[in-house]
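These notes concern the structure reproduced below.
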Amino acid sequence: MAATAVIGLQWGDEAKGKIVDLLTEQHDVVVRYQGGNNAGHTVVFGGQTYKLSLLPVGVLRPEITSVIATGVVINPAALLKEIDQLRARSVPLGQNLLISDRAHVIFPWHMAEEAAFEAARKQDAIGTTMRGIGTCYRDKAGRTHAIRMGDLLYPDLLRKRVAEIAAQKAPVLRALDPQSAPLDAAQITRDYLEYAERLRPHIVDTTAWLHRSLAKGQRLLFEGAQGSLLDVDHGSYPFVTSSSSSGCGLHSGSGVPERNISRMIGVVKAYTTRVGGGPFPTELLDATGQHIRDVGREYGTVTGRPRRCGWFDAVAAGYGARVSGVDCLSVMLLDVLSQLDELKICTAYEIDGEQTTDFPSHIEQLARAKPVYRTLPGWKQDISHLRKLADLPKATRAYIDTVGELLQLPVWLVSIGPDREQTILA
Ligand code: IMO
Ligand code: MG
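So in the working numbering, spot 164 of the sequence shown is number 170, and the numbers just go up one at a time.
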């Protein structure tokens, strides 16, 4: 049994892509199992930077099979654009890419509905990526307005379904936003049949394929998107994404039971970031927050939005680790903290005068949470060229130890820069 999972423990953007890329050469298959093109994974490979959204990080290596499994929601136009961009950079993509016939399809009405719903929430907007992710998952759960990748391969069925769904959605969309573009069912059908023709060679029953792959003894690597605190069931609801983005989604999203996984790696940033709305107890709205944003280049890969930055929150990340069931940690972007005099880590929340280390289940409680900090000395020197744990400054090691101790997990890896070489195995 040699399956590995890489799971974000915060609000996404933990640099999971780098860890997946580092591990791909020890695996035969890389699997994306939830989310969609709301994810943005940056990988530096062969001296070049690649920004992947829907495609698993494995696609950069033709000898690896990359699987977009059942739990992912797919915008076919966005997927084809990504494939074409990679081909233009000489990354070959053929039968090494498999797409689940059970995965649900994002249609133009999903983006239109999301834009209208988000606008209606005004200052309470979730701050989504506007990719139609939540509205597609809503239709998946609702069943009556859903279309799966496998349906795209039956033209008559697709034509009928698109016509029915567009007829029901159009008046609702017009009522929500009279300015919204009308839904042209015939054009949408033509577009999606074209996408289907191009994607047809990749569309298979990935669940059966993964089971055969396991039986053959192939090594699987599961690439989580988003992070545990954005999980629709366990995250900071409603300021979450619409999939099971903690470790919980692995089984349902791939059809591979979790008992096949021998190693679950939890990925955390050495600080905390968030994109979009929702309470963020350790957020820094001062010069230190701006410093972290500048040094860490904390701007969204997908939407370009500046990310909200704050101190490491051990209450939130610890909760993410417990929900996901990870057995070790990768601490990322440690080099970003190098120039600060002192560093803070949140060890508990104070809510209405009471201290707790539980992550609140209600957003009103999370909004009232005041962080209780432990202050640690900074190291004030460049660490990005160091390659051994023993060579790191004492204060850096103390910081890493504190993160591991508070999360009660061994630190397996520390990252001190975007390159593969800027990695220290602990
Ligand atoms: P990666 O894989 C960070 C956030 C959005 C928004 C909320 C809901 O790069 O870590 P959605 O469009 O999913 O309905 O938006 O979730 N979000 C992410 N934040 N990293 C991501 O992915 C994210 N994917 C979605 O900003 O707050
Ligand atoms: Mg991202």
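Heads up, the beta-carbon is just placed ideally off N, CA and C, and yes, glycines get one too.
Just so you know, these numbers come straight off a predicted model, no measurement behind them.
- Distances between the C-beta of residue 307 and the heavy atoms of ligand 2 include at least one below 7 angstroms.
- Within its own chain, the residues whose Cβ lies closer than 6 angstroms to the Cβ of residue 341, once the five positions on either side in sequence are excluded, are 389, 390, 422, 423, listed in chain order.
- The DSSP-derived three-state label of residue 319 is strand.
- In the three-state reduction of the DSSP assignment, residue 166 falls in the helix class, which pools H, G and I.
- A distance below 6 angstroms between beta-carbons, with the five flanking residues on each side excluded, links residue 267 to the following residues of its chain, in chain order: 9, 11.
- Under DSSP, no beta-bridge partner is assigned to residue 297.
- At least one heavy atom of ligand 2 lies less than 7 angstroms from the C-beta of residue 46.
- A distance criterion of 7 angstroms places the beta-carbon of residue 54 beyond contact range of ligand 1, judged by its closest non-hydrogen atom.
- Put simply, the stretch 61 to 71 touches the stretch 102 to 110. At least three CB pairs are less than 8 angstroms apart.
- Note that the C-beta distance between residue 199 and residue 244 is not below 8 angstroms.
- At a threshold of 7 angstroms, residue 248 counts as near ligand 1, since its beta carbon sits closer than that to one of the ligand's heavy atoms.
- Under the three-state reduction of DSSP, residue 232 is assigned to coil, being neither helix nor strand.
- Where residue 117 is concerned, the enclosing alpha helix (DSSP H) starts and stops at 114 to 126.
- With a threshold of 16 other beta carbon atoms within 10 Å, residue 240 meets it and is buried.
- Under DSSP, residue 361 forms a beta bridge with 356.
- Residue 399 and residue 347 have their C-alpha atoms some 14 angstroms from each other.
- Taking 7 angstroms as the cut-off, the C-beta of residue 139 counts as close to a heavy atom of ligand 1.
- Spatial neighbours of residue 242 in its own chain (CB-CB distance under 7 angstroms, excluding positions within 5 residues in sequence) are listed in chain order as 235, 284, 285, 369, 372.
- Each residue's CA atom was taken as its position, placing residue 230 and residue 192 some 36 angstroms apart.
- For residue 56, the three-state secondary structure derived from DSSP is strand.
- For the stretch 239 to 265, the full-length alpha helix (DSSP H) segments reaching 4 residues or more read 255 to 260 along the chain.
- A check of alpha carbon separations from residue 137 across 84, 386, 169 identifies 84 as the nearest.
- Look at residue 346 here: in three-state DSSP terms it is coil, with no helix or strand label.
- With distances taken between CA atoms, residue 179 lies nearest to 117 out of 91, 300, 117, 321.
- In the three-state DSSP reduction, residue 186 falls in the coil class, being neither helix nor strand.
- Distance between residue 61 and residue 125, taken at the CA atoms: about 29 angstroms.
- Our two residues, residue 35 and residue 362, have alpha carbons roughly 41 angstroms apart in a direct line.
- Among the bridge pairs identified by DSSP, residue 269 is matched with 10.
- Between the C-alpha atoms of residue 174 and residue 145 there is a straight-line separation of about 13 angstroms.
- At least one heavy atom of ligand 1 lies less than 7 angstroms from the C-beta of residue 245.
- In the assembly as shown, residue 237 is a buried residue. Its beta-carbon has 16 or more other beta-carbons within 10 Å.
- Collapsing the DSSP output to three states places residue 383 in a strand.
- Straight-line spacing of the CA atoms in residue 308 and residue 415 works out to 31 angstroms.
- Set against 7 angstroms, the gap from the CB of residue 134 to the closest heavy atom of ligand 1 is smaller.
- For residue 50, the shortest C-beta to heavy atom distance toward ligand 1 is 7 angstroms or greater.
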